[in-house]
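Residue numbers (the working numbering): 6 to 486. Where a beta carbon is used, it is the ideal one built from N, C-alpha and C, also for glycine. The model shown is predicted, which means the values in this text are computed figures rather than measured ones.
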């Protein structure tokens, strides 16, 4: 094999370095993981087992298992069984753990039993980023994305799915019964085995019908109108713009606009973002240590009480208004064509008439003021305005808050572009790292812990990219994780 780079003979005796540290370069990320965990007060963060038991078999220190998980999620190795194998053959993990190799059950139990501690570690790293002054801008982008759960779509049921599945089973049973009737008429000797198989298939389908009836009874006790058999907390959610759904969870994230660090996150099993703007914005402001904050979000977050709550807490929300006007869709004037005259508390319609205040009523817990003009029945433009006798205009009591949001959006035409390039790239990166399965655990609490490990790994990689290896390690030692 001349002229090729040749390897060594497998039987050749080699003197490896006696010091394991010689295998780990100075710019290896495992050194950052080691320093970060060493600076943590694991007992204060809520980890179990920080004080060893007096009797019984010695246990692994939580710091060892936490290092294993942080290393695993940094390197896209989330499975406890795969982490067990890596501990036995991976030189970096050998260095990180001091050649300890816990079994997969011990590794999995640590993640299951220390959810609160792991989530607190993720928050502590965000605090460390704040102390390093990486959040120089008081601007975040907020968005939600659907992540697949362990539960498949076939094991998630709604009343509509049950009716459709029952119809399919009934059609299959009828098809097999017709085949049996044909076999009875012809009666050839070689069809006896086929007849038995048809009877078996019909019995299995009837078992499915009984199972569907049982699931339907269980579904009546569910307030949300759906049930998941594998992961009871997973929910079927629509995927925007794709016409398909996913059974999983909705990750809410607030991302710093300068360095694209995830400053706050929350995992929910609610399929929409309507009530998430204020909680996420306030969590982001607290994590960043800012008195005032500007939050960018898409149309799914446009909800008056949430935007009002943001304003009351010193958060300026920029959210575009959804284009859902039925009047505009049908070619008629919508509310935007009516000019509000604040001085007189009246609306001027496209025909030049004044719609005056009539009464205030409650709608979905909101105080709504109603306006209309007495000139509507004789108006020559009535066909372009309303099919009813009068065109009634609704105005929320805190409508100026919504108008201020629109003014901020008009003043910053690039706001939605900044939002998109800030937060959607983060979701794409996380899903790429997680692979097609996304989550490995079940139930909301355990999946939230798993998500926190992904967020911690993402933020750690971002800080290493921003500051570099040496600065990051020195900062951790100086500030103290």
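Residue range of the alpha helix (DSSP H) that includes residue i
| i | result |
| --- | --- |
| residue 299 | No alpha helix (DSSP H) holds residue 299; the beta strand (DSSP E) holding it covers 298-301. |
| residue 433 | 430-439 |
| residue 115 | 109-118 |
| residue 226 | First-last for residue 226: undefined, no H or E at that position. |
| residue 42 | 34-43 |
| residue 72 | 67-79 |
| residue 95 | Here residue 95 belongs to no alpha helix (DSSP H), and DSSP marks it neither H nor E. |
| residue 459 | 449-472 |
| residue 510 | Any answer about residue 510 is impossible in this case: the structure gives the chain only from 6 up to 486. |
| residue 47 | 47-50 |
Residue nearest to residue i in terms of C-alpha spacing, selected from the options
| i | options | result |
| --- | --- | --- |
| residue 319 | 460, 287, 119, 229 | 287 |
| residue 263 | 161, 142, 202 | 142 |
| residue 207 | 232, 231, 179 | 179 |
| residue 105 | 116, 90, 118, 119 | 90 |
| residue 222 | 464, 168, 371 | 168 |
| residue 477 | 160, 33, 281, 17 | 33 |
| residue 432 | 410, 214, 452, 459 | 459 |
| residue 69 | 60, 92, 62 | 92 |
| residue 118 | 80, 313, 55 | 55 |
| residue 402 | 381, 372, 391 | 372 |
| residue 215 | 363, 16, 410, 170 | 170 |
| residue 481 | 26, 35, 43 | 43 |
| residue 475 | 26, 365, 41 | 41 |
| residue 158 | 457, 243, 304 | 243 |
| residue 5 | 60, 265, 95 | Residue 5 is absent from the structure shown; the chain starts at 6 and stops at 486. |
| residue 111 | 339, 86, 387, 440 | 86 |
| residue 294 | 392, 226, 134 | 134 |
| residue 303 | 229, 10, 410, 127 | 410 |
| residue 219 | 200, 15, 183, 164 | 164 |
| residue 121 | 62, 466, 450 | 450 |
Host beta strand (DSSP E) of residue i (start-end)
| i | result |
| --- | --- |
| residue 353 | 351-353 |
| residue 345 | 344-346 |
| residue 148 | 144-153 |
| residue 322 | 320-323 |
Spatial neighbours of residue i in its chain, beta-carbon cut-off 6 Å, leaving aside the 5 residues before and after
| i | result |
| --- | --- |
| residue 397 | 375, 377 |
| residue 156 | 233, 235, 236, 239, 252 |
| residue 75 | 38 |
| residue 259 | 145, 147, 268, 269, 285, 289 |
| residue 79 | 462 |
| residue 448 | 238 |
Backbone secondary structure at residue i - three-state DSSP
| i | result |
| --- | --- |
| residue 60 | coil |
| residue 273 | strand |
| residue 242 | strand |
| residue 2 | The structure shown does not extend to residue 2, since the chain is modelled only from 6 to 486, so the question has no answer here. |
| residue 331 | helix |
| residue 233 | strand |
| residue 208 | helix |
| residue 499 | The requested residue 499 does not occur in the structure, where the chain is confined to residues 6 to 486. |
| residue 135 | helix |
| residue 361 | strand |
| residue 317 | helix |
| residue 484 | helix |
| residue 167 | helix |
| residue 125 | helix |
| residue 140 | coil |
| residue 251 | strand |
| residue 268 | strand |
| residue 14 | coil |
| residue 161 | strand |
| residue 278 | coil |
Contacting residues, own chain, Cβ-Cβ under 7 Å from residue i (five flanking each side not counted)
| i | result |
| --- | --- |
| residue 290 | 298, 320 |
| residue 275 | 255 |
| residue 414 | 323, 325, 420 |
| residue 281 | 149, 257, 306 |
| residue 101 | 35, 38, 39, 72, 76 |
| residue 151 | 242, 244, 251, 253, 255 |
| residue 213 | 174 |
| residue 435 | 459, 463 |
Close-in-space but distant-in-sequence residues of the same chain around residue i (CB under 8 Å, 5 per side omitted)
| i | result |
| --- | --- |
| residue 329 | none |
| residue 455 | 83, 116, 444, 445, 446 |
| residue 6 | Low per-residue confidence applies at residue 6: pLDDT is 47, beneath 50, and the placement is therefore not dependable, though the value from the model is reported in the following sentence. Contacts found: none. |
| residue 343 | 352, 353, 354, 355, 360, 398 |
beta-carbon residue i near the ligand ATP non-hydrogen atom, thresh 6 Å
| i | result |
| --- | --- |
| residue 329 | Although the ligand ATP was asked about, the structure shown includes no ligands whatsoever. |
**Message:** What ranges does the beta strand (DSSP E) occupy inside the segment 368-441, keeping only unbroken runs of at least 3 residues that lie completely in it?
**Reply:** 371-377, 398-401
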